[in-house]
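S.K.: In the working numbering, the protein residues as written are 11 to 175. Beta carbons are placed, not taken as given, at the ideal position from N, Cα and C, and that holds for glycine. Source: prediction; values computed, not measured. Starting off with a structure, shown below.
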Ligand SMILES: [Zn+2]
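This is the structure we're talking about:
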């Protein structure tokens, strides 16, 4: 099976790691391609089996594939495009850490080290930026309203002055 074009895989994952979300920009270059089901476990080069992944996530996952016993325990690596990730873990906005909602989520986070200090810091920075952007937008709206009030009052004063004249 010919391997799909790297450009297509990158686009499919919005130029960011399917597992941790780290972008090409933050990595400073092209990321790697992970076989969700590794070749050693029968995985192939089909587009759905290829996950765009940063070097760290790829290293942590390596050739992991669950054994029959592990599958019974719901241990497996989530597929970024085929699993509903929000069912398995959520982001704690206060701590910047991913919190498991299922056993699968817990296993996935642990195997891929998705609470690496750098990722947590990045999530917190991102969160802070969003809060600040929200505050900035609010301030801009308030400034706009004040400017409108000032304009209206200036008009009112001008009208009063005309009456006095
Ligand atoms: Zn990653």
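Taking all protein chains shown into account, decide if residue 151 is buried (16 or more other Cβ within 10 angstroms of its Cβ) or exposed.
M.R.: The count along the chain shown starts at 1 and reaches residue 151 at position 141. With fewer than 16 Cβ atoms within 10 Å of its Cβ, residue 151 is classed as exposed.
S.K.: Taking the DSSP output, what are the residues bridged to residue 54?
M.R.: Position 44 of the chain shown, counted from the start, is the residue given in the question as residue 54. Answer is none; residue 54 lacks a bridge partner.
S.K.: Tell me whether residue 62 counts as near ligand 1, meaning its Cβ is closer than 7 Å to at least one heavy atom of that ligand.
M.R.: Taking the chain shown and counting its residues from 1, the one referred to as residue 62 is at position 52. The answer is no for residue 62.
S.K.: Enumerate in chain order the residues of its own chain whose CB-to-CB distance from residue 53 is below 6 Å, with the five nearest sequence positions on each side excluded.
M.R.: As a working note, residue 53 is residue 43 in the chain shown. Answer for residue 53: 45, 47 and 59, listed in chain order.
S.K.: For residue 66, is the beta carbon positioned less than 7 Å from some heavy atom of ligand 1?
M.R.: The count along the chain shown starts at 1 and reaches residue 66 at position 56. Checking the Cβ of residue 66 against ligand 1 gives yes.
S.K.: Quick one: Cα of residue 122 to Cα of residue 138, how far?
M.R.: What you label residue 122 is simply residue 112 of the chain shown in a count that begins at 1. What you label residue 138 is simply residue 128 of the chain shown in a count that begins at 1. Using only the alpha carbons, I get a separation of about 25 Å.
S.K.: Quick check on residue 139: does DSSP put it in helix, strand or coil?
M.R.: For the purposes of this step, residue 139 is taken as the residue at position 129 of the chain shown. In this structure, residue 139 counts as helix in the three-state DSSP scheme.
S.K.: For residue 72 and residue 117, what's the separation of their Cα atoms in angstroms?
M.R.: Position 62 of the chain shown, counting from 1, holds the residue named residue 72. Position 107 of the chain shown, counting from 1, holds the residue named residue 117. Using only the alpha carbons, I get a separation of about 15 Å.
S.K.: Please tell me whether, using a cut-off of 7 Å, the distance from the CB of residue 29 to the nearest non-hydrogen atom of ligand 1 is below it.
M.R.: Along the chain shown, read from residue 1 onward, the residue named residue 29 stands at position 19. Under cutoff, so the answer is yes.
S.K.: Since I believe residue 95 is in contact with residue 114 (beta carbons under 8 Å), could you give me their beta-carbon distance rounded to a whole number of angstroms?
M.R.: Your numbering for residue 114 matches position 104 in the chain shown. Your numbering for residue 95 matches position 85 in the chain shown. Rounded, the Cβ-Cβ distance is 10 Å, inconsistent with contact.
S.K.: Please find out if some non-hydrogen atom of ligand 1 comes closer than 7 Å to the beta-carbon of residue 32.
M.R.: Position 22 of the chain shown holds residue 32. For ligand 1, at least one heavy atom lies less than 7 Å from the Cβ of residue 32.
S.K.: Excluding sequence positions up to five away, which residues of its chain have a Cβ less than 6 Å from the Cβ of residue 32?
M.R.: Residue numbering aside, residue 32 sits at position 22 when the chain shown is read from its first letter. So the list reads 64, once near-sequence residues are dropped.
S.K.: Helix or strand or just coil, what does DSSP make of residue 87?
M.R.: For this step, residue 87 is matched to residue 77 along the chain shown. Residue 87: coil per DSSP, three-state reduction.
S.K.: For residue 120, name the three-state secondary structure that DSSP assigns.
M.R.: Locating residue 120 in the chain shown gives position 110, where the first residue counts as 1. DSSP places residue 120 in helix when its eight states are reduced to three.
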